[in-house]
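One structure is given below, encoded as structure tokens.
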Amino acid sequence: MLRRASIGIFISDSNTLGQGTFLKKGLKRLIFKLGLWNLLQFIMTKGKMYRLSAGDGLFYSYSLYFDIDYIRKASNNLYVINTGSENTLNETVACYAQSKKK
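In the numbering used here, the protein residues as written are 53 to 154.
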């Protein structure tokens, strides 16, 4: 997206790593940092790598933080904001990345 954007991009999504109890969030972050997230998803989805729900339909596990290093390298400025409510502070996240194109 940043290669094509003339001004920048704005992404807002649920934060897979920020959902759940304190313990669950900690385990998710540890698994992600150890590079085992895809293996966990493969096991949990029985090899499909996607899930189905009544609300979302078909969906893939994703967090903006999965791509934050790439976005940071491809942009001049990066702003990340938690957009959850008081009760769900880290469950949603948004970022604005300013394109390096002029």
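Where is the CB? At the ideal position from N, CA and C, for every residue including glycine.
(request) Work out the CA separation of Arg56 and Leu130 for me, nearest whole Å. (result) If you take the alpha carbons of Leu130 and Arg56, they lie about 17 Å apart.
(message) Once DSSP output is grouped into helix, strand and coil, what is the label at Tyr131?
(response) In the three-state reduction of the DSSP assignment, Tyr131 falls in the strand class, which pools E and B.
(message) Along the chain, where does the beta strand (DSSP E) containing Ile63 start, and where does it finish?
(response) Element bounds for Ile63: 60 to 66.
(request) With distances taken Cα to Cα, identify the nearest neighbour of Arg124 among Ser151, Leu91, Asp65. (result) Looking at the Cα atoms, Ser151 is the closest of the given residues.
(message) I'd like to check one pair, Phe62 with Ala146: are the Cβ atoms closer than 9 Å?
(response) A contact, by the Cβ cut-off of 9 Å.
(message) Can you tell me whether Gln93 is helix, strand or coil according to DSSP?
(response) Three-state DSSP puts Gln93 in a helix.
(message) Once the 5 residues before and after Leu110 are set aside, which same chain residues still bring their CB inside 7 Å of it?
(response) Excluding residues within five positions, the ones whose Cβ falls inside 7 Å are Tyr102, Leu104.
(request) Please report the Cβ distance between Lys77 and Gly70, rounded to the nearest whole angstrom; I am assuming they are in contact, meaning their Cβ atoms lie under 8 Å. (result) So it is a contact: roughly 6 Å between Cβ atoms.
(request) Could you pull out every residue in the same chain whose Cβ sits closer than 7 Å to the Cβ of Val132, ignoring the five residues on either side in sequence? (result) In chain order, Val145, Cys147 place their CB closer than 7 Å to the CB of Val132, counting only its own chain and leaving out the 5 sequence neighbours on each side.
(message) Using the three-state DSSP reduction, which class does Ala106 fall into: helix, strand or coil?
(response) Note: Ala106 maps to coil in three-state DSSP.
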